[in-house]
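To keep things clear, I will list the structure first and then write my remarks on it.
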Amino acid sequence: MQSGLVRSSVRSLHAFRSLSLSVPNLSHSNPLGLPSNKDAGNRPPVMPRMGPVRKSRIPGVKKVVVVASGKGGVGKSTVAVNLALSLLLTQPTKRVGVLDLDVFGPSIPKLMGLEGLGEAELTPGGRLVPMTNHGVGTMSMGYLVPESATGENPIVWRGIMVMKAVQQLLFDTDWTSDAHSNTTASTKSSDRPTGRDLDVLVIDMPPGTGDVALSLGQLVIVDGAVIVSTPQDIALIDARKGVGLFKKLSIPIFGLLLNMSHLPTTPPIYPFGPPDKFHQAARELNLPVLGDLPLVPEVSAGGDSGRPVVLLEAPHVDRKETNNEHDEGVRMVKREMSRLAEKVWAGLGY
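The UniProt record's numbering applies: residue 1 is where the sequence shown begins, and numbers increase by one.
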């Protein structure tokens with residue numbers, strides 16, 4: 001799988017966007033500053049004031065999987081990008097995308113090696129065009145916030161603006177416009193294949209059970225959720241809350257994933273405590289354990305470099321006879337993520 005780095009696949013000379021980071025200059029109905037959507041068939045749903053909400057499919061997306069956690073700092077975003085890439089590695093003919101719904105702390109651009117490449121472009125109809133690397137199209141608030149020399153451009157929005165921004169990210173992104181994995185940065189936009197729906201969109205959720213999760217659950221048909229936790233009690237408490245929210249929103253839960261569970265030594269070392277309480281929580285919640293990811297520095301290094309760990313193909317990593325504990329840890333992560341991807345594909349009916 002080639003790592004084609006693509007800013008976007010459609011340029012528009014007629015569609016422009018204007019975004020304000022502060023409340024006074026912001027339109028509550030259009031926080032992302034998008035032009036009017038000219039495509040009537042892809043207009044986002046309207047949240048009713050009363051009565052049940054009618055969920056719908058995201059335009060250009062066949063299936064949706066969310067990666068969530070009740071607590072921040074458990075590696076959810078790292079799991080999300082490695083899951084998306086593992087889905088593509090296990091079924092290379094499928095199209096996979098990642099949507100970053102962490103409005104205040106977007107990390108997908110950094111993790112996917114797309115940081116600092118400028119703002120996302122727009123289609124002639126005024127929809128956002130995903131930015132692509134490693135064969136996976138992505139969309140994030142990180143592509144929509146004006147860059148600063150120091151990187152200190154916080155978004156200061158109230159809940160109503162956040163909810164509307166989430167709605168725009170969900171329904172005003174043209175997922176049929178991004179490039180395939182064999183596309184390079186030098187490829188002309190007119191030569192890039194378009195028009196094919198994503199087979200699966202992986203959504204990286206913000207921590208907690210607030211407005212974003214509620215908006216997603218009310219507006220979108222979600223096909224499954226992966227709940228990420230670490231072994232600590234405080235993480236498990238919040239993971240239970242996340243499970244409870246998804247159950248209330250009638251979102252199917254594929255299971256729980258234990259992250260940073262142990263150091264891959266012999267015998268294993270459990271820096272955050274043994275996994276017993278995690279497995280107990282899974283039993284009490286009647287949910288399967290989807291995997292057990294060790295704590296290895298290459299996972300963090302891969303995220304910092306924009307090349308996630310599942311793409312690591314160095315010979316010393318894939319050679320089975322090595323006794324290096326770090327190499328074994330990377331192999332374990334790749335193996336667990338591949339198994340997780342296969343379980344997700346099966347859960348989606350592929």
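Glycine residues also receive a C-beta, built at the ideal position from the N, C-alpha and C atoms.
Looking only at C-alpha atoms, which of the options sits nearest to residue i?
{"i": "PHE171", "options": "MET139, PRO146 and TRP157", "result": "MET139"}
{"i": "ILE221", "options": "ASP233, GLN232 and VAL200", "result": "VAL200"}
{"i": "LEU99", "options": "PRO124, TRP157, ALA68 and VAL74", "result": "ALA68"}
{"i": "SER86", "options": "ARG339, TYR350 and ALA346", "result": "ARG339"}
{"i": "PRO207", "options": "GLN218, LEU236, ARG196 and ASP197", "result": "LEU236"}
{"i": "VAL81", "options": "ILE203, GLU328 and LYS247", "result": "ILE203"}
{"i": "ASN30", "options": "PRO124, ASP174 and LYS164", "result": "LYS164"}
{"i": "LEU89", "options": "GLY329, GLU328, GLY347 and LEU312", "result": "LEU312"}
{"i": "ASP174", "options": "VAL330, PRO275 and GLU121", "result": "GLU121"}
{"i": "GLY347", "options": "GLY118, GLY273, VAL66 and GLY135", "result": "VAL66"}
{"i": "LEU287", "options": "GLY242, ARG196, MET161 and MET205", "result": "GLY242"}
{"i": "LEU128", "options": "VAL289, GLU342 and GLY142", "result": "GLY142"}
{"i": "HIS279", "options": "GLN232, ASP327, PRO297 and LEU83", "result": "GLN232"}
Spell out the partners DSSP gives residue i in its beta bridges.
{"i": "ILE269", "result": "LEU263"}
{"i": "SER300", "result": "For SER300, which the question treats as bridged, DSSP gives no partner whatsoever."}
{"i": "residue 378", "result": "With the chain running from 1 to 350 in the structure shown, residue 378 is simply not present."}
{"i": "GLY137", "result": "GLY97 and THR132"}
{"i": "VAL66", "result": "ILE203 and ALA225"}
{"i": "VAL61", "result": "LEU198"}
Measuring straight from C-alpha to C-alpha, what distance separates residue i and residue j?
{"i": "GLY255", "j": "ASP238", "result": "15 Å"}
{"i": "ASP211", "j": "GLY72", "result": "16 Å"}
{"i": "SER22", "j": "GLN91", "result": "Here SER22 scores only 49 on pLDDT, less than 50, and its place in the model should not be relied on; the value that follows carries that caveat. Straight-line Cα distance between these residues: approximately 42 Å."}
{"i": "GLN168", "j": "SER300", "result": "31 Å"}
{"i": "HIS180", "j": "ASP102", "result": "At HIS180, the pLDDT of 36 sits below 50, so the modelled position is not reliable; the number obtained from the coordinates is stated separately. Cα to Cα, HIS180 sits roughly 25 Å from ASP102."}
{"i": "PRO59", "j": "PRO264", "result": "42 Å"}
{"i": "GLY349", "j": "ASP223", "result": "10 Å"}
{"i": "LEU258", "j": "ARG307", "result": "22 Å"}
{"i": "ARG57", "j": "VAL96", "result": "16 Å"}
{"i": "LYS334", "j": "VAL310", "result": "5 Å"}
{"i": "PRO294", "j": "THR123", "result": "42 Å"}
{"i": "THR209", "j": "LEU219", "result": "15 Å"}
{"i": "LEU249", "j": "SER215", "result": "10 Å"}
{"i": "MET332", "j": "LEU34", "result": "43 Å"}
{"i": "VAL64", "j": "GLY217", "result": "11 Å"}
{"i": "GLY126", "j": "PHE272", "result": "47 Å"}
{"i": "VAL228", "j": "GLY244", "result": "14 Å"}
Pick helix, strand or coil for residue i, following the three-state DSSP scheme.
{"i": "ALA120", "result": "coil"}
{"i": "ASP276", "result": "helix"}
{"i": "ASP199", "result": "coil"}
{"i": "VAL96", "result": "strand"}
{"i": "THR78", "result": "helix"}
{"i": "ASP233", "result": "helix"}
{"i": "SER177", "result": "coil"}
{"i": "GLY337", "result": "Sequence check: residue 337 is Met here, not Gly. MET337 falls in the helix class under three-state DSSP."}
{"i": "SER215", "result": "helix"}
{"i": "ASP204", "result": "strand"}
{"i": "ALA243", "result": "The sequence shown places Val at residue 243, not Ala. Of the three classes helix, strand and coil, the one that applies to VAL243 here is helix, per DSSP."}
{"i": "PRO35", "result": "coil"}
{"i": "VAL344", "result": "helix"}
{"i": "SER56", "result": "strand"}
{"i": "VAL222", "result": "coil"}
{"i": "ARG11", "result": "Low per-residue confidence applies at ARG11: pLDDT is 42, beneath 50, and the placement is therefore not dependable, though the value from the model is reported in the following sentence. Residue state, collapsed to three classes: coil."}
For the ligand ADP, is there any heavy atom lying closer than 7 Å to the beta carbon of residue i?
{"i": "ALA239", "result": "The ligand ADP is not part of the structure shown, which contains no ligands of any sort."}
With three or more beta-carbon pairs closer than 8 Å as the criterion, would you say the stretch 301 to 309 touches the stretch 258 to 273? No, the stretch 301 to 309 is not in contact with the stretch 258 to 273.
Decide yes or no for the touch test of the stretch 110 to 118 against the stretch 154 to 161: beta carbon pairs closer than 8 Å, at least 3 of them. Fewer than three pairs of CB atoms, one per stretch, sit closer than 8 Å, so the stretch 110 to 118 makes no contact with the stretch 154 to 161.
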